[in-house]
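Engineer: If you scroll down you'll find the structure; I have some questions about it.
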Amino acid sequence: MNIFVGSLPFRLAEAELRELFEAYGEVSSARIITDKFSGKSRGFGFVEMPDDAEAQKAIDELNNSQVGGRTIVVNKSVERKEGGGGERRRPSGNQRGGSYGSDRRSGGGYHR
1 MNIFVGSLPF
11 RLAEAELREL
21 FEAYGEVSSA
31 RIITDKFSGK
41 SRGFGFVEMP
51 DDAEAQKAID
61 ELNNSQVGGR
71 TIVVNKSVER
81 KEGGGGERRR
91 PSGNQRGGSY
101 GSDRRSGGGY
111 HR
């Protein structure tokens with residue numbers, strides 16, 4: 001089972017996250033998500049546990065517990081759909097983006 005762990009202390013290491021869950025059973029992987037530019041923790045991660053019963057016990061006992069002075073959130077991870085965040089919708093009708101309103105003419109710029 002893939003488990004989401006949120007509100008993690010920013011200084012928590014992946015090894016510490018793994019140890020936290022190993023108290024409940026085998027851990028296949030534990031990773032903390034980091035910012036791609038700074039490399040710093042984003043405060044959440046994922047733990048993979050192969051035994052669903054052990055994973056559920058870890059979720060039940062660790063959710064809303066204190067780790068490093070923070071109350072963490074632990075629940076079953078839900079797979080995101082392809083495309084990442086839903087369908088984009090285009091404006092309907094004659095609505096166009098931009099800041100010049102309806103005073104746009106050919107040539108792409110704003111003319112008085």
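The sequence shown begins at 1 in the UniProt record's numbering and counts up by one.
We put the beta carbon where it would ideally sit given N, CA and C, even for glycine.
In this text, all values refer to a predicted model and were calculated from it rather than measured experimentally.
#1: Checking 8 Å against the spacing of the C-beta atoms, do S28 and T34 come in under that value?
#2: Does G45 pass the burial test, meaning 16 or more other C-beta atoms within 10 Å, or should it be called exposed?
#3: Spatial neighbours of S77 within its chain, please: CB distance less than 7 Å, with the 5 preceding and 5 following residues excluded, ordered by chain position.
#4: Give a yes or no on whether the minimum CB-CB distance between G39 and chain E is below 8 Å.
#5: With 16 as the cutoff for other CB atoms within 10 Å, does A30 come out buried or exposed?
#6: What residue range does the beta strand (DSSP E) around residue 122 cover?
#7: In angstroms with no decimal places, state the Cα-to-Cα distance between R18 and I32.
#8: On the CB-based measure, 16 or more other CB atoms within 10 Å of its CB, does A58 come out buried or exposed?
Structural biologist: For this structure:
#1: Indexing the sequence shown from 1 puts residue 28 at position 28. Indexing the sequence shown from 1 puts residue 34 at position 34. Cβ distance not < 8 Å, so S28 and T34 don't count as in contact.
#2: Within the sequence shown, the letter at position 45 stands for residue 45. G45 is buried by the Cβ-count criterion.
#3: Translated into positions along the sequence shown, residue 77 becomes position 77. Excluding positions up to five away in sequence, the list reads N2, I3, F4 and F46.
#4: No chain E appears in the structure shown, which is made up of a single protein chain.
#5: Position 30 of the sequence shown, counted from the first residue, corresponds to residue 30. By the 16-neighbour rule on beta-carbons within 10 angstroms, A30 is buried.
#6: The structure shown does not extend to residue 122, since the chain is modelled only from 1 to 112, so the question has no answer here.
#7: For this step, residue 18 is matched to residue 18 along the sequence shown. For this step, residue 32 is matched to residue 32 along the sequence shown. So the alpha carbons of these two residues sit roughly 10 Å apart.
#8: Numbered from 1 along the sequence shown, position 58 holds the residue referred to as residue 58. Its Cβ being crowded by 16 or more others within 10 Å, A58 is buried.
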